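Enquirer: One structure coming up, written as structure tokens, with questions to follow.
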Amino acid sequence: MNNILVTGGAGFIGSHTCLQLMNEGLNVCIIDSLINSSEKIINQIKLINEKEGIKKGKLFFRHGDLRNNDFINNVFLEFKRKKLPFDSVIHFAGLKAVEESIFNPLGYWEVNIISTINLLITMDKFDCNKLVFSSSATIYDPSKKIKYDEESPKRPINPYGNTKLTIEIFLQDLFLSSQNKWKIINLRYFNPVGAHPSGLIGENPKCTPTNLFPILLKVANGKKKELSIYGNDWPTKDGTCIRDYIHVMDLADAHIAALEFLNKASPQAKAINIGTGKGTSVLEIIKRFNKINSVNLPFKFVNRRKGDSAIVIADNKLALELLNWVPKRNIDDICLDSFKWSKYSL
Ligand SMILES: NC(=O)c1ccc[n+]([C@@H]2O[C@H](COP(=O)([O-])OP(=O)(O)OC[C@H]3O[C@@H](n4cnc5c(N)ncnc54)[C@H](O)[C@@H]3O)[C@@H](O)[C@H]2O)c1
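Letter by letter, the sequence shown follows residues 201 to 546 in the numbering used here.
Quick look at the structure:
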């Protein structure tokens, strides 16, 4: 495991993962269209690795879109000729905003599906058969459970979730077609939040965010008047929704662990939940955020959002067992690191 291709590596989760890969001494090539990120991030990743990294992997960036087959092919060819052929791929690239996907299913199916098919065709051509794919807890049936294990019923309720489940099915078909070849892990993330503790990289989407932290950080920095909390009558201890928030650095570490697992494993296609196994309500987040950052976030209660559920928590036993990985950061780290990052960036 020396040369890793990271699609969508300039994005939120990808940038933190690239940094951790370089800190392991691995060479990383990012492919990104920058549709939801900026090239500035590439320099920030290099800067943190130079300042803080004990091992220093190389970082390459190739700007382009995975929907362009020739482009992907040329990147694989270029690195093969450089004698740095890719041995694994982490595939983050895709569109990810749930609400946007409801209004633009064509765009979401086109980007998420075509990009993935093109990528896998090229991987196959270049005998690169190890893949970690960014899946999501949105593929589970939201009405069924509180705690979700990998076997929980699947029933995405929006086009974004449908594309993620479809890709998982596609990857399973691919593995079954040639069972001595593919090593695939679908990591199903729960709620990735936080930022690198340096404050140099974090979540800064170009699309309009609808998840809690990007909005909360805008309020904390005076860029938005108040935080809207969707419902105070959910069947939870304080009436607000409970989610499994995982620090993005823990999530990045899970990708390294997944690659290490695949290096030793026999060919397979497996899905693994990545969450902390603990739930935190919106009001609890606000309380911790205020305390640790000495601020006072204004908020108001508004109606519930369609499609939300009261409690979504990962059963993360499989990740703990198989990946030799444990989440190390807590809610206070999440609040501290994300606020630090937002003060420089928003
Ligand atoms: N952030 C979350 O809450 C969350 C939760 C579950 C799953 N995921 C999945 O994890 C992955 C990464 O999420 P993120 O939060 O870092 O998102 P992000 O938008 O910050 O990063 C995705 C990156 O992919 C790039 N990209 C998009 N389409 C592309 C294409 N066709 N070709 C090349 N690059 C392209 C974007 O420019 C962006 O830099 C996504 O696949 C997302 O669906 C995210």
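Note that CB positions come from ideal geometry on N, CA and C, so glycine has one too. In this text the structure is predicted, and so the values were computed from the model without any measurement.
When DSSP builds the beta bridges, which residues end up paired with Ala471?
Expert: The residue labelled residue 471 in the question sits at position 271 within the sequence shown. In the DSSP output, where bridge partners are listed per residue, Ala471 has Asn386.
Enquirer: Quick one, which of Glu310, Arg505 and Arg488 has its alpha-carbon nearest Phe539's?
Expert: Position 339 of the sequence shown, counted from the start, is the residue given in the question as residue 539. It is Arg488.
Enquirer: Going by beta-carbon coordinates alone, are Arg504 and Asp450 separated by less than 8 Å?
Expert: Taking the first residue of the sequence shown as 1, we reach residue 504 at position 304. Taking the first residue of the sequence shown as 1, we reach residue 450 at position 250. No, the Cβ-Cβ distance between Arg504 and Asp450 is not below 8 Å.
Enquirer: Apart from the five residues just before and just after Phe260, which ones in its own chain have a Cβ nearer than 6 Å to its Cβ?
Expert: Locating residue 260 in the sequence shown gives position 60, counting from the first residue. Excluding sequence neighbours, Phe260 sits near Cys229.
Enquirer: Could you give the residue range of the beta strand (DSSP E) that holds Asp373?
Expert: One-based indexing of the sequence shown puts residue 373 at position 173. Per DSSP, Asp373 belongs to no beta strand (DSSP E); it is in the alpha helix (DSSP H), Pro359 to Ser377.
Enquirer: Excluding the 5 residues flanking Ala469 on each side, which residues of the same chain have their C-beta closer than 6 Å to its C-beta?
Expert: Translated into positions along the sequence shown, residue 469 becomes position 269. Taken in chain order, the residues that qualify are Leu371, Gln372, Phe375 and Ile384.
Enquirer: Applying the criterion that 16 or more other CB atoms from any shown protein chain within 10 Å of the CB defines a buried residue, is Gly394 buried or exposed?
Expert: Here the question's residue 394 lines up with position 194 in the sequence shown. So Gly394 ends up on the buried side.
Enquirer: To the nearest angstrom, how far is the alpha carbon of Glu252 from that of Cys328?
Expert: For the purposes of this step, residue 252 is identified with residue 52 of the sequence shown, where counting begins at 1. For the purposes of this step, residue 328 is identified with residue 128 of the sequence shown, where counting begins at 1. Going by the C-alpha atoms only, they are around 31 Å apart.
Enquirer: Looking at the unbroken alpha helix (DSSP H) that takes in Ser494, where does it start and where does it end?
Expert: By one-based count along the sequence shown, residue 494 stands at place 294. Neither: Ser494 is in no alpha helix (DSSP H) and is coded neither H nor E.
Enquirer: Which residues does DSSP list as the beta-bridge partners of Asn391?
Expert: Taking the first residue of the sequence shown as position 1, residue 391 is located at position 191. In the DSSP output, where bridge partners are listed per residue, Asn391 has Tyr445.
Enquirer: If you count every other CB in all the chains shown that lies within 10 Å of the CB of Glu521, and 16 or more means buried, which is it?
Expert: If you number the sequence shown from 1, residue 521 lands on position 321. It is exposed - the Cβ of Glu521 has fewer than 16 other Cβ atoms within 10 Å.
Enquirer: With respect to 7 Å, is the separation between the Cβ of Lys296 and the closest non-hydrogen atom of ligand 1 below this value?
Expert: As a first step, residue 296 must be located in the sequence shown, where it is residue number 96. Yes, Cβ of Lys296 sits closer than 7 Å to a heavy atom of ligand 1.
Enquirer: With a threshold of 8 Å between beta-carbons, can Lys437 be considered close to chain D, or not?
Expert: The question asks about chain D, but that chain is absent: this structure has only one protein chain.
Enquirer: So which of Val512, Ile531 and Ala519 has the shortest CA-CA distance to Leu344?
Expert: On the sequence shown, residue 344 is found 144 positions in, with the first residue counted as 1. The question names Leu, but residue 344 is Lys in the sequence shown. Selected option, being the one with the closest Cα: Val512.
Enquirer: Buried or exposed, going by whether 16 or more other CB atoms sit within 10 Å of the CB of Phe364?
Expert: Mapped onto the sequence shown, residue 364 falls at position 164. According to the sequence provided, residue 364 is Lys. The question's Phe does not apply to it. Label assigned to Lys364: buried.
Enquirer: For the alpha helix (DSSP H) containing His263, name the first residue and the last one.
Expert: Taking the sequence shown and counting its residues from 1, the one referred to as residue 263 is at position 63. No alpha helix (DSSP H) holds His263; the beta strand (DSSP E) holding it covers Leu259 to His263.
Enquirer: Relative to the alpha-carbon of Gly399, which residue among Asp533, Asp232 and Gly225 has its alpha-carbon at the smallest distance?
Expert: Locating residue 399 in the sequence shown gives position 199, counting from the first residue. Gly399 has its Cα closest to that of Asp533, out of Asp533, Asp232 and Gly225.
Enquirer: Taking all protein chains shown into account, do 16 or more other C-beta atoms lie within 10 angstroms of the C-beta of Ile272, making it buried, or fewer, making it exposed?
Expert: Counting from one through the sequence shown, the residue named residue 272 turns up at place 72. The residue in question, Ile272, is buried, as its Cβ has 16 or more Cβ neighbours within 10 Å.
Enquirer: Alpha carbons only, please: which of Pro397, Pro527, Lys424 and Leu205 is nearest the one belonging to Pro409?
Expert: Counted from its first residue, the sequence shown places residue 409 at position 209. Looking at the Cα atoms, Lys424 is the closest of the given residues.
Enquirer: Please report the residue range of the beta strand (DSSP E) in which Val419 lies.
Expert: Counting from one through the sequence shown, the residue named residue 419 turns up at place 219. Looking at the DSSP string, Val419 is not in any beta strand (DSSP E); the run it does join, the alpha helix (DSSP H), is Leu412 to Ala420.
Enquirer: Run through DSSP, which three-state label would Phe333 get?
Expert: What you label residue 333 is simply residue 133 of the sequence shown in a count that begins at 1. The answer is strand: DSSP assigns Phe333 an E or B state.
Enquirer: Please say whether Tyr445 and Ile531 have beta carbons closer to each other than 8 Å?
Expert: Translated into the one-based positions of the sequence shown, residue 531 becomes position 331. Translated into the one-based positions of the sequence shown, residue 445 becomes position 245. Contact: yes.
Enquirer: Do Ile254 and Asn223 have their C-beta atoms closer together than 8 Å?
Expert: Working through the sequence shown from its first residue, we reach residue 254 at position 54. Working through the sequence shown from its first residue, we reach residue 223 at position 23. Yes, these two residues count as a Cβ contact at 8 Å.
Enquirer: Just to confirm, is the Cβ distance from Leu266 to Leu319 under 8 Å?
Expert: The residue labelled residue 266 in the question sits at position 66 within the sequence shown. The residue labelled residue 319 in the question sits at position 119 within the sequence shown. Taking 8 Å as the Cβ cut-off, Leu266 and Leu319 qualify as a contacting pair.
Enquirer: Does the separation of the CB atoms of Asn473 and Asp341 fall below 8 Å?
Expert: Position 273 of the sequence shown, counting from 1, holds the residue named residue 473. Position 141 of the sequence shown, counting from 1, holds the residue named residue 341. Cβ distance not < 8 Å, so Asn473 and Asp341 don't count as in contact.
Enquirer: What's the C-alpha gap between Tyr360 and Glu368?
Expert: Position 160 of the sequence shown, counted from the start, is the residue given in the question as residue 360. Position 168 of the sequence shown, counted from the start, is the residue given in the question as residue 368. Each residue's Cα considered, the two are about 13 Å apart.
Enquirer: Taking Tyr389 and Ser336 to be in contact with their CB atoms under 8 Å, please state how far apart those CB atoms are, rounded to whole angstroms.
Expert: Residue mapping note: residue 389 aligns to position 189 of the sequence shown, counting from 1. Residue mapping note: residue 336 aligns to position 136 of the sequence shown, counting from 1. Confirmed, about 6 Å.
Enquirer: So which of Ile235, Ile241 and Ser233 has the shortest CA-CA distance to Cys218?
Expert: Your numbering for residue 218 matches position 18 in the sequence shown. Of Ile235, Ile241 and Ser233, the residue nearest in Cα terms is Ile241.
Enquirer: Excluding sequence positions up to five away, which residues of its chain have a Cβ less than 7 Å from the Cβ of Glu299?
Expert: Locating residue 299 in the sequence shown gives position 99, where the first residue counts as 1. These residues qualify, in order along the chain: Thr410.
Enquirer: Inspect the beta-carbon positions of Asn236 and Lys406 and report whether they are closer than 8 Å.
Expert: In the sequence shown, residue 236 corresponds to position 36, counting from 1. In the sequence shown, residue 406 corresponds to position 206, counting from 1. Cβ distance < 8 Å, so Asn236 and Lys406 count as in contact.
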